[in-house]
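Chemist:
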Amino acid sequence: MNIRFLGADRQVTGSHHLLRTDGSTLLVDCGLFQERPFLDRNWTPFPVPPRDIDYILLTHAHLDHCGTIPRLVKEGFRGTVFATAPTIDLARIVILDSAQIMEEDAAFKKKRHAKEGRVAPHPEIPLYTVEDARRSFELFEPVSYLEPFALEDGTSVRFCDAGHILGSSMISLETAGPEASRRKLVFSGDIGQWNRPLIHDPSVFEAADYVIMESTYGDHNHDDPQPVDELLAAVIAETAARGGNVIVPVFALERAQELMFYIGRLIRSGRIPRLPVYLDSPMAVEVTAVFARYPQDLDPEAAGLVADGARPFDFPGLRLVTKIEESKAINRVPGPCVILAGSGMCTGGRIKHHLAANISRPECTVLFVGYQARDTLGREILENAPTEIRINGRQLPVRARIARINGFSGHAGRDGLLRWLNAFKFAPRRLFLVHGEEDVALGLAEFLGREKSWEITVPRYLEEFELG
652 MNIRFLGADR
662 QVTGSHHLLR
672 TDGSTLLVDC
682 GLFQERPFLD
692 RNWTPFPVPP
702 RDIDYILLTH
712 AHLDHCGTIP
722 RLVKEGFRGT
732 VFATAPTIDL
742 ARIVILDSAQ
752 IMEEDAAFKK
762 KRHAKEGRVA
772 PHPEIPLYTV
782 EDARRSFELF
792 EPVSYLEPFA
802 LEDGTSVRFC
812 DAGHILGSSM
822 ISLETAGPEA
832 SRRKLVFSGD
842 IGQWNRPLIH
852 DPSVFEAADY
862 VIMESTYGDH
872 NHDDPQPVDE
882 LLAAVIAETA
892 ARGGNVIVPV
902 FALERAQELM
912 FYIGRLIRSG
922 RIPRLPVYLD
932 SPMAVEVTAV
942 FARYPQDLDP
952 EAAGLVADGA
962 RPFDFPGLRL
972 VTKIEESKAI
982 NRVPGPCVIL
992 AGSGMCTGGR
1002 IKHHLAANIS
1012 RPECTVLFVG
1022 YQARDTLGRE
1032 ILENAPTEIR
1042 INGRQLPVRA
1052 RIARINGFSG
1062 HAGRDGLLRW
1072 LNAFKFAPRR
1082 LFLVHGEEDV
1092 ALGLAEFLGR
1102 EKSWEITVPR
1112 YLEEFELG
């Protein structure tokens, strides 16, 4: 048996982990590369012929974990994609949205390059189309949490709740054969935080021969001076008192729903004024509807609201915006208000228009509640404190307040990762750290080396290891 690391290795996106057993070749996750230095990997020939892959095991529906599936299907993959039912529903939304954007971007670039008289580095075609995306959904097969099933070579697979987003999973595999020769692997997927609303706590394990763990926030914890609801209430109340708007870049999947849950609770309890709250993201509106279909996968508080006939993501003043004309109209409405819009790192989408309309207004607040990758507009605004910022081709002065709440992250911080590892009663043969920027993953490896004295590896892109 061997494992080959084909993405999210010393960087964050593009998760692909290829496992070969005596009888199967399977891929754990199949995600798009999204950081600028690694975008070419989406276009280069896949390191393994897709037709040779028997299975894809999907941990969750974020684009950097599922967004390459249509490409592999287009290039010959005909196996089965196993995932939980909520993940399948969410992946359909996320992948279709990605395909639509790719088609639109390809058409726009073709027109622009023709006008400029230059040749593009890539063909002006989408990586995959909406038709490719829909064809890939035919290969998805739902699985249930905690119910083992066997692959054709006898490998036993079990999906466990990762506590990251709705339907997210950790994956446990045990190879077939005599007991002495069996090997157990645990893929963490993205590990969530404990004691959060909406979804369950992360699963833990007692033993494994090999562990493949994410390291996104391996260099720090999500320490806020106060609980996140108090911080959110303060930002909204103070900005409203100034007559300004709160602009929140959000990820359509999970972060938007968690914010709506908190804001609704704050409004119902009278801790913030009743004011318009716009969810300006067609995809986030679709995702919110999926949550209602899976009350069994929600945290007890949210599930209790559903059982009582309440809608945990609905409250007075909430307005769901899907049409572009409605989105444009928001910036003509006098404040104060709260605007939740994608994309979460300000790399595109409707948030850029709301930033352009509000970032130069000193009474407004731009509130960041999620991870901002390097080389993104969100990271530039948040960390570099610019006096001017370029948005949609215009240089704009930055006069709005810039705020951040760390505790909303869907990833465990360093102490959370250590808590997850501490559940293992026996040291694995090796721990692989993936899904983290290089300095972060290497720093976590050094920290864990002092804490646990395990064999720890931070694999490089395309590196392969025999698993004895």
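Sequential numbering of the sequence shown, starting at 652, is according to the numbering used here.
Beta carbons are placed, not taken as given, at the ideal position from N, Cα and C, and that holds for glycine.
Here the structure is a predicted model, which is why all the values come from computation and not from measurement.
1) Do I816 and E905 come within 7 Å of each other at the CB atom, strictly closer than that value?
2) Less than 6 Å between C-beta atoms, sequence neighbours within five positions excluded: which residues of the same chain meet that for D740?
3) Taking the alpha-carbon positions, what's the E754 to V781 distance?
4) Which ranges does the beta strand (DSSP E) cover as unbroken runs of at least 3 residues, wholly within the region 719 to 804, from first to last along the chain?
5) Determine the DSSP secondary structure at V1020, reduced to helix, strand or coil.
6) Could you name the residues of the same chain whose beta carbon sits closer than 7 Å to that of E952, not counting the 5 residues immediately before and after it, in chain order?
7) Curious, which full-length beta strand (DSSP E) runs of at least 3 residues does the region 876 to 959 contain?
8) Using a 10 Å radius around the Cβ and a threshold of 16 neighbouring Cβ atoms, would you call R919 buried or exposed?
9) Which residues mark the beginning and the end of the beta strand (DSSP E) in which C811 is found?
10) Just reading off the beta strand (DSSP E) that K835 is part of, what are its end residues?
11) Just curious, the beta strand (DSSP E) that R1055 is in, first and last residue?
12) Measuring alpha carbon to alpha carbon, tell me which residue in V928, R1030 and M996 is nearest N982.
13) In whole angstroms, what is the alpha-carbon distance linking P701 and G1087?
14) Checking the sheet assignment: what are the DSSP bridge partners for N693?
15) Taking contact to mean at least 3 C-beta pairs separated by less than 8 Å, is the region 1089 to 1101 in contact with the region 1064 to 1075?
16) Relative to the C-alpha of A858, which residue among A888, S823 and M934 is closest?
17) With DSSP as the reference, label F1077 as helix, strand or coil.
18) Tell me the DSSP secondary structure of G869 in three-state form.
19) Measure the alpha-carbon distance for D841 versus P721 and round it to whole angstroms.
20) Locate the alpha helix (DSSP H) running through S823, then write down its first and last residues.
21) How many Å lie between S994 and S819 at the Cα?
22) Can you tell me which of R743, A757, W694 and V794 puts its alpha carbon nearest to the alpha carbon of E726?
23) Starting from G658, trace the beta strand (DSSP E) in both directions and tell me its first and last residue.
24) How is I816 classed by DSSP in three states: helix, strand or coil?
25) Please report the straight-line C-alpha distance between K835 and K1103, rounded to a whole angstrom.
26) Between the Cα of R916 and the Cα atoms of F1019, D965 and Q662, which residue gives the shortest distance?
27) Return yes when the Cβ of L747 is within less than 7 Å of the Cβ of Y706, no when it is not.
28) Measure the beta-carbon distance from I882 to Y913 and round it to whole angstroms, keeping in mind my assumption that it falls under 8 Å.
29) Which first and last residues belong to the beta strand (DSSP E) in which R970 is found?
Modeler: Well, looking at it:
1) In the sequence shown, counting from the first residue as 1, residue 905 sits at position 254. In the sequence shown, counting from the first residue as 1, residue 816 sits at position 165. Yes, they are a contact pair.
2) As a position in the sequence shown, residue 740 is number 89, starting the count at 1. Once the five neighbours on either side are set aside, the close Cβ partners of D740 are V941.
3) Walking along the sequence shown from the start, residue 754 turns up at place 103. Walking along the sequence shown from the start, residue 781 turns up at place 130. Cα to Cα, the separation comes out at about 8 Å.
4) 731 to 735 and 791 to 794
5) As a first step, residue 1020 is located in the sequence shown; it is residue number 369 there, counting from the start. In this structure, V1020 counts as coil in the three-state DSSP scheme.
6) Taking the sequence shown and counting its residues from 1, one reaches residue 952 at position 301. P848, listed in sequence order.
7) 897 to 900 and 928 to 931
8) Taking the first residue of the sequence shown as 1, we reach residue 919 at position 268. Label assigned to R919: exposed.
9) Numbered from 1 along the sequence shown, position 160 holds the residue referred to as residue 811. Start and end: S807 to D812.
10) For the purposes of this step, residue 835 is identified with residue 184 of the sequence shown, where counting begins at 1. From DSSP, the beta strand (DSSP E) with K835 extends over K835 to F838.
11) On the sequence shown, residue 1055 is found 404 positions in, with the first residue counted as 1. Residues R1052 to R1055.
12) For the purposes of this step, residue 982 is taken as the residue at position 331 of the sequence shown. Comparing Cα positions, the closest option is V928.
13) Here residue 701 corresponds to residue number 50 of the sequence shown, with the count starting at 1. Here residue 1087 corresponds to residue number 436 of the sequence shown, with the count starting at 1. Near 26 Å, if we compare the C-alpha coordinates of G1087 and P701.
14) Against the sequence shown, residue 693 aligns to sequence position 42. Partner(s): none; N693 has no beta bridge.
15) yes
16) Locating residue 858 in the sequence shown gives position 207, where the first residue counts as 1. The shortest C-alpha separation from A858 is found at S823.
17) Translated into positions along the sequence shown, residue 1077 becomes position 426. Residue state, collapsed to three classes: coil.
18) Residue 869 sits at position 218 when you count from the first residue of the sequence shown. G869: coil per DSSP, three-state reduction.
19) Position 190 of the sequence shown holds residue 841. Position 70 of the sequence shown holds residue 721. D841 and P721: Cα-Cα distance of roughly 22 Å.
20) For the purposes of this step, residue 823 is identified with residue 172 of the sequence shown, where counting begins at 1. Careful: S823 lies outside any alpha helix (DSSP H), inside the beta strand (DSSP E) at S820 to E825.
21) Locating residue 994 in the sequence shown gives position 343, where the first residue counts as 1. Locating residue 819 in the sequence shown gives position 168, where the first residue counts as 1. So the alpha carbons of these two residues sit roughly 21 Å apart.
22) In the sequence shown, residue 726 corresponds to position 75, counting from 1. It is W694 whose Cα lies nearest to the Cα of E726.
23) Here residue 658 corresponds to residue number 7 of the sequence shown, with the count starting at 1. Looking at the DSSP string, the run of the beta strand (DSSP E) that includes G658 is N653 to G658.
24) Position 165 of the sequence shown, counted from the first residue, corresponds to residue 816. It is coil, neither helix nor strand.
25) Here residue 835 corresponds to residue number 184 of the sequence shown, with the count starting at 1. Here residue 1103 corresponds to residue number 452 of the sequence shown, with the count starting at 1. Whole-angstrom Cα-Cα distance: 20 Å.
26) Locating residue 916 in the sequence shown gives position 265, counting from the first residue. Checking every option, the nearest Cα to that of R916 belongs to D965.
27) Counted from its first residue, the sequence shown places residue 706 at position 55. Counted from its first residue, the sequence shown places residue 747 at position 96. Contact: no.
28) Locating residue 882 in the sequence shown gives position 231, where the first residue counts as 1. Locating residue 913 in the sequence shown gives position 262, where the first residue counts as 1. A quick correction: the sequence has Leu, not Ile, at residue 882. With a Cβ gap of about 10 Å, L882 and Y913 do not count as contacting.
29) As a first step, residue 970 is located in the sequence shown; it is residue number 319 there, counting from the start. L969 to V972 is the span of the beta strand (DSSP E), which, as asked, contains R970.
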